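Counting the sequence shown from 1 gives a position; our numbering is that position plus 2.
What follows is a single structure, written as structure tokens, with notes after it.
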Amino acid sequence: MKGRLHSIESFGAVDGPGIRTVFFMQGCPARCAYCHNPDTWNECGGRDIAVDEIVHRAKRGLPYYGNDGGVTFSGGEPLLQGKFLLEAIEALKAEGIKSAIDTSGTYIDEDSEDVIRAADMVLLDIKHIDPAKFEELTGREQGPLFRLIDIVNRLNKPIWIRQVIIPGFNDNADYIEALNEFIRGIKTVKKVELLGYHNMAENKYERLGIKYRLKDVKPMNADKLRNLSRLTTIA
């Protein structure tokens with residue numbers, strides 16, 4: 003079976019615990035306003051990749067993974083390629099390599115539960131806890147997010163929560179308090195990470211001929227982000 007790949011990052015240190023090989027899968031149904039990889043949206047972009055290549059590239063990092071590291075499937079939205087991911091995760095497991103799924107919570111189908119069951123953990127990028135704001139940011143309804151949370155809870159799957167903080171949109175203590183309450187509905191949260199909005203992808207949008215919806219928004223202030231991070235239930 004072949005999957006569709008955008009790119010590979012070796013020695014990743016921010017996409018899950020430990021040192022990781024990150025496979026950015028091609029294709030995403032969401033159109034997040036702050037997405038820094040709009041070139042991953044098109045399902046026909048990127049290139050074909052086989053499970054054997056996934057395993058071969060991942061095994062290069064074995065000396066560095068230790069007990070915590072491994073592979074992260076990011077994107078794009080990796081759950082779009084559920085059957086391929088399941089085969090890849092099982093092949094990696096046979097080599098003693100752990101796998102994580104980094105999902106946007108904007109897509110789920112009949113293969114998603116099997117993929118989440120096979121993976122060692124989930125990274126969930128919560129776009130916004132309010133349904134209207136969620137749809138405004140992503141162009142998608144919030145239903146898949148709750149279906150994914152239900153699966154994670156039923157499977158007791160370890161999960162990291164990540165939330166992008168955007169100036170003038172959700173950069174206040176009230177939102178963090180509401181986020182904490184939202185997260186209490188997820189049983190197996192191991193970490194909550196607030197990520198500061200940046201506009202480094204703006205030039206990429208221009209090259210691709212895509213309107214950048216947050217053109218006038220300044221990058222998130224680092225000191226304010228640290229202060230907000232202190233308010234999260236799990237730091």
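Yeah, the Cβ is synthetic: ideal placement off N, Cα and C, and Gly gets one too.
These figures come from a predicted structure and were not determined experimentally.
Contacts around P133, its chain only, beta-carbon distance under 8 Å, and the 5 residues preceding and following it disregarded: On the sequence shown, residue 133 is found 131 positions in, with the first residue counted as 1. If we look at P133 and ignore the five residues flanking it on each side, its Cβ neighbours are E143 and Q144.
DSSP bridge partner residues for W162 (one or two, in chain order): Position 160 of the sequence shown, counted from the first residue, corresponds to residue 162. L125 and K193, per the DSSP bridge assignment.
Cβ-Cβ separation, E11 to G29 (assumed contact under 8 Å), whole Å: If you number the sequence shown from 1, residue 29 lands on position 27. If you number the sequence shown from 1, residue 11 lands on position 9. Not confirmed; about 18 Å, so no contact.
Rounded Cβ spacing between L1 and R119 (contact assumed at less than 8 Å): Limits of the chain in this structure are 3 at one end and 237 at the other, which puts residue 1 out of reach.
L87 and I103 closer than 9 Å at C-beta: Here residue 87 is taken as the residue at index 85 of the sequence shown, counted from 1. Here residue 103 is taken as the residue at index 101 of the sequence shown, counted from 1. Result yes, Cβ atoms of L87 and I103 sit closer than 9 Å.
Contacts around L81, its chain only, beta-carbon distance under 6 Å, and the 5 residues preceding and following it disregarded: By one-based count along the sequence shown, residue 81 stands at place 79. Same-chain partners within the cutoff: T105, Y109 and S114.
C-beta contact flag for G78 and W43 at 9 Å: By 1-based counting over the sequence shown, the position of residue 78 is 76. By 1-based counting over the sequence shown, the position of residue 43 is 41. Yes. Within cutoff.
Nearest candidate by alpha-carbon position, reference K135, set N205, T23 and A35: Position 133 of the sequence shown, counting from 1, holds the residue named residue 135. Out of N205, T23 and A35, A35 has the C-alpha closest to the C-alpha of K135.
Inter-residue spacing [alpha-carbon to alpha-carbon] between T23 and E89: Position 21 of the sequence shown holds residue 23. Position 87 of the sequence shown holds residue 89. Distance between the alpha carbons of T23 and E89: 17 Å.
T190 and V219 closer than 9 Å at C-beta: Along the sequence shown, one-based indexing puts residue 190 at 188. Along the sequence shown, one-based indexing puts residue 219 at 217. For T190 and V219, no; Cβs fall outside 9 Å.
9 Å Cβ cutoff met for L230 and N174: Here residue 230 refers to the residue found at position 228 when the sequence shown is read from its first residue. Here residue 174 refers to the residue found at position 172 when the sequence shown is read from its first residue. Yes.
Inter-residue CB distance, S101 and G63 (contact presumed, cutoff 8 Å): Position 99 of the sequence shown, counted from the first residue, corresponds to residue 101. Position 61 of the sequence shown, counted from the first residue, corresponds to residue 63. Contact doesn't hold; Cβ gap of about 12 Å is too wide.
Distance CB(N205)-CB(P169) smaller than 9 Å: The residue labelled residue 205 in the question sits at position 203 within the sequence shown. The residue labelled residue 169 in the question sits at position 167 within the sequence shown. The answer is no: Cβ separation not under 9 Å.
Closest Cα partner of A96 within the set R164, T74 and K61: Looking up residue 96 in the sequence shown gives position 94. Closest by alpha carbon: K61.
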